[in-house]
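Chemist: First to last, the sequence lines map onto chains X and W. Heads up: the first sequence begins at -1 in this note's numbering, then just goes up one per residue. Heads up: the second sequence begins at 7 in this note's numbering, then just goes up one per residue. Glycine included, each C-beta is placed from N, C-alpha and C at the ideal position. These numbers were taken from a predicted model, which means no experiment stands behind them.
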Amino acid sequence: MRAGRAVASFDSATGMLRALSRFLHDKDVPLLGQAPAALEAPISALAGGAARLPRALKERAYALSGWAEAVPARRVPEIRSEELAGWVSGHYPRRPSPVAFVGSSNGALVHLAAALGVPWLPQTLLLPVRRHGVSPDDPRGDLAVTRPAGEALLAANPDLVLHHMHDANQDRLMIAGMTYFRVKWRRLAAAYRRFLEETLPRGATLVVVDCGLRRPVTRVGPRYLFQHGALGGATPEEYEHGGPRVAAYLRRYGSDRRAWDYPPADGESPEAEWGFEPELLGDLTDLARRNGWRLARLRFEEPEDLSPVVADLYRSWYARRGLPGDRLLVECFLLLEPWWTLRSGSVPYWMVFNAEQSRRRALSYLDGVEAFDEIRLMLFSHGVESVGLASVADWRELLGRARKVGVFTGVDTGTYPRDFAGLIRARRELARIRTTYPMPLPLEWPVAEEFLAKREEIDWHPGE
Amino acid sequence: MPLEHVVRTALGLKVAGWRSRGPGPAVVCVHGAGVSSRELLPFVRALGATHDAWSIDLPGFGRSEKPPRPLTLAALADAVAGWLAGSGLERPCVLGGSFGCQVAVDMAARHPGSVASLVLVGPTVDARARTPARVVGQWLRNSVRESPRMAPLNVADYLDAGPRRVLAGFGASMRDRIEDKLPHVDVPALVVRGGKDRMVSQSWAEEVTRLLPRGRLVVMDGLPHMVPYRDPGGLAREVTAFLKEVTA
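1) Please tell me whether W:V36 and W:V111 are closer than 8 angstroms, where the distance is taken between their beta carbons.
2) Can you grab the Cα-Cα spacing for the pair X:L450 / X:V345, in whole Å?
3) Along the beta strand (DSSP E) that carries W:S26, what are the first and last residues, could you check?
4) Classify X:D208 as helix, strand or coil using the three-state DSSP reduction.
5) With DSSP collapsed to three states, give me the class of X:L441.
6) My guess is that W:D132 and W:V206 are in contact by the Cβ rule of under 8 angstroms, so how many angstroms apart are they, rounded?
7) Which class does X:R319 belong to by DSSP, given the choice of helix, strand or coil?
8) Using the rule of at least 16 other Cβ atoms within 10 Å of the residue's Cβ for burial, across every protein chain shown, is X:G408 buried or exposed?
9) Would you call the segment 10 to 17 of chain W in contact with the segment 80 to 88 of chain W, where contact means no fewer than 3 C-beta pairs closer than 8 angstroms?
10) Do X:L119 and X:S87 count as a contact pair if the criterion is CB distance below 8 angstroms?
11) Residues of chain X with CB closer than 8 angstroms to the CB of W:T215, please, in chain order.
12) Please confirm if the segment 423 to 438 of chain X is in contact with the segment 269 to 285 of chain X, defined as three or more CB-CB distances below 8 angstroms between the two stretches.
13) What three-state label does DSSP hand X:P75 in the structure shown?
14) Closest Cβ-Cβ distance between X:G320 and chain W: below 8 angstroms?
15) DSSP three-state call for X:D259: helix, strand or coil?
16) Could one say the Cβ of W:G221 lies closer than 8 angstroms to chain X's Cβ atoms, at least one of them?
17) I'd like to confirm the pairing. Which residues does DSSP put opposite X:R128 in its beta bridges?
18) Residues of chain W with CB closer than 9 angstroms to the CB of X:E368, please, in chain order.
19) In chain order, which continuous runs of the alpha helix (DSSP H) of length 4 or greater are located wholly inside the segment 74 to 117 of chain W?
20) Just how far apart, CA to CA, sit W:H11 and W:G239?
21) From X:D136 to X:V218, what distance separates their C-alpha atoms?
22) Any C-beta of chain X sitting closer than 8 angstroms to the C-beta of W:E212?
23) Please list, in chain order, the chain X residues whose beta carbon lies closer than 8 angstroms to that of W:Q208.
24) Name the DSSP bridge partner or partners of X:Q225?
25) Taking the alpha carbon of X:A154 as the reference point, which residue from X:R73, X:R374, X:H380, X:S133 has its own alpha carbon closest?
26) Taking the CB atoms as reference points, tell me whether W:V198 and W:V252 lie closer together than 8 angstroms.
27) Residues of chain X with a CB under 9 angstroms from the CB of W:V125: which are they?
28) Report the partner residues of W:H57 according to the DSSP bridge assignment.
29) With DSSP run on the structure shown, which of helix, strand or coil describes X:R416?
30) Report the partner residues of X:R423 according to the DSSP bridge assignment.
31) Which chain X residues are close to W:V225, counting only those with a beta carbon under 7 angstroms from its beta carbon?
32) Mind pulling the chain W residues with CB within less than 8 angstroms of X:T433?
33) Apart from the five residues just before and just after X:A419, which ones in its own chain have a Cβ nearer than 7 angstroms to its Cβ?
34) Which residues of chain X have a Cβ atom closer than 8 angstroms to the Cβ of W:G177, listed in chain order?
35) Could you give the residue range of the alpha helix (DSSP H) that holds X:M14?
36) Run down chain X in chain order and give the residues with a C-beta less than 8 angstroms from the C-beta of W:G228.
Printed below as a string of structure tokens:
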């Protein structure tokens, strides 16, 4: 099966891969990089119209879009990790680079890599698999029905670990007709190795992006983990044991349950979407030694730990270039625009998702820095009034921190969080900002490394 | 509460004004091209609950005296400054609507010290759309979202002013390079844009705010160009909050 067909398009890893690889080809990301730019206006109009449909229809459309891009369970054994790796590395231009990143997905890292003009290879990809007849609130049912497909995937791909993930909160609509198989490479794929050897000269730095986020799991097999929930609005305890917010959410969605019934957790593992699986380090160490590269490690506990670091790096870089650095672009999940970030002279601050905890962290970032004249906010619209979702009114508080212009970018406040068009409108609105700046030459890697080494939010291991 | 009707002389011309006397500091509203205070009166009533709210008819428009020749933009701004000087109001806030923003900005830039703050509601004309064809196109696209009850008021205004003055007003609005004056406005300024305003794009409203040294933008979701007529209460709340912040 074609690798591009097996991998989810509307996912963090692929969204970030598209944003960064398009940036390295000197392109922005119209239509999330999914269709020709010429179609942006008509598709935007269509999606804007669709956002006005009745709620039930919109929810069906979300579910249908998930199902449509998922792989039929019978075809899962055809997926080959080597082809996935080739598909990923094929996105990037081939040219010498002083540094490359490999490992965890992270939106702030995409901006770091963009500033340096260098690639990042994800350790994790999402393979959505079709599934019928299981309610989103039935994690055990999901595992029972899709486990054979998971086992077949692992049998065919000994270099992968499967993090079968079930988030009945934020993925409610998407998992109506499919399940989430997130796979992590525990061995370095040959296509990744070839790409790195073609890109990194002797003396270059290979940086392992190592997010230490962990989650409760049920161990299904030696390389098969079933993860309870995801990072976002609900806490791990709420997924495991429920609570008033979960009960209210289930009532809201007409479920007859008042808590979810995950199989008992018997351990923790790197978080399916963001966490780094350290088994890969062995191959990376060998490869770096053989090629005379320095193997550095960028370690942080949670995905958003890197966001203020990269935001401040950009601000100091703008200051050195004599630009005001008074614009902040708050991005969310896979909504990333590295090209327009630099052209508009914006400081990028990335949020993992649209929940209250991300809003609080963004506010606390703003508490600690000089105020911005302009703040633009992109919000990912996932279609669900999920536990812990921050409301439009809550977000206005953040926008109110701007001295001059605090505006939603691409968000239809009337239809959020059920607003398909937001995904498309964000780039269009960014591209209309007046007063832009020329694209800078890449940031020098030693400057960036010195900056990273000083920051307390992250552990920087320079390696040898 | 009924509005007070006050006629005062500025630069030798009789200028008509309406007032709703509230407790807070004075706010003087200036209308758009070709029209008059008529469309602003619901807003003056709403703002009168908290502020000493005024609206004046520019010379040549509405109930004000008509000079023999239409006044230029600078002359209109001077007339407003003259009116303010004679009003006894202590450095009020001036609120412009549409073309009224251009008058207010010209006045604030050329008569520093005359106002304490500005509110620019739907500031025209986008520097990138300053051709008659584009402005007419934008006006048509915007008009479908305006209240149908406003149309008879517009017609009455156009009849009051006569075609020569209406055209002169639009001409003055098209020739004005407001973007060059905005950096010279040294008072706090609130820019208000209706989220569905087709005459004032989001990017232009942002640019106007950016160019104002002490600007701040508020977008009122779902509203067309004539925010004061469409949502007088909502705009009054925004203006009240802004003035509270400015005077704090």
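Modeler: If we stick to the structure as given:
1) Not in contact: W:V36 and W:V111 (Cβ atoms no closer than 8 angstroms).
2) Cα atoms of X:L450 and X:V345: separation of roughly 16 angstroms, rounded to the nearest angstrom.
3) W:S26 -> beta strand (DSSP E) spans 19 to 27.
4) Strand.
5) In the structure shown, X:L441 sits in coil (DSSP, three-state: anything other than H, G, I, E or B).
6) Right, the Cβ-Cβ distance comes to about 7 angstroms (below 8 angstroms), so this counts as a contact.
7) Three-state DSSP puts X:R319 in coil, outside helix and strand.
8) By the Cβ neighbour-count rule, X:G408 is buried, with 16 or more other Cβ atoms within 10 Å of its own.
9) A contact is defined here as three or more CB-CB pairs under 8 angstroms, and the segment 10 to 17 of chain W meets this definition with respect to the segment 80 to 88 of chain W.
10) Yes, Cβ-Cβ distance for X:S87 and X:L119 is below 8 angstroms.
11) K402, V403, listed in chain order.
12) Because the criterion of three Cβ pairs below 8 angstroms is not met, the segment 423 to 438 of chain X and the segment 269 to 285 of chain X do not touch.
13) Reduced to three states, the DSSP call for X:P75 is helix.
14) The beta-carbon of X:G320 is placed no less than 8 angstroms from the nearest beta-carbon of chain W.
15) In the structure shown, the three-state DSSP call for X:D259 is coil.
16) Chain X contact via Cβ: present.
17) Residue pairing for X:R128: DSSP places it in a beta bridge opposite X:M176.
18) Against X:E368, chain W offers no close residue; the least beta-carbon distance is about 17 angstroms (beta-carbon pairs closer than 9 angstroms).
19) Runs of the alpha helix (DSSP H) inside the segment 74 to 117 of chain W: 79 to 93, 105 to 116.
20) So the two alpha carbons sit approximately 22 angstroms from each other.
21) Between the alpha carbons of X:D136 and X:V218 lies a distance of about 17 angstroms.
22) Contact of W:E212 with chain X is assigned, a C-beta pair being separated by under 8 angstroms.
23) Going along chain X in sequence order, the residues near W:Q208 (Cβ under 8 angstroms) are V405, E427, R430.
24) BP columns for X:Q225 point to X:M163, X:V215.
25) X:A154 has its Cα closest to that of X:R73, out of X:R73, X:R374, X:H380, X:S133.
26) Contact: no.
27) Chain X residues near W:V125: none, gap ~15 angstroms exceeds 9 angstroms.
28) DSSP, once it has assigned bridges, lists W:G30 as partnering W:H57.
29) Residue state, collapsed to three classes: coil.
30) Partner(s): none; X:R423 has no beta bridge.
31) Chain X residues near W:V225: V405.
32) Within chain W, the residues near X:T433 are E213, R216.
33) Shown here for X:A419: same chain residues with a beta carbon closer than 7 angstroms to its own, the five before and five after excluded, namely S42, A45, G46, A49, D410 in chain order.
34) Those within 8 angstroms of W:G177 in chain X number zero; the least Cβ separation is about 25 angstroms.
35) X:M14 -> alpha helix (DSSP H) spans 10 to 22.
36) Listed along chain X, the residues sitting closer than 8 angstroms to W:G228 by beta-carbon distance are G412.
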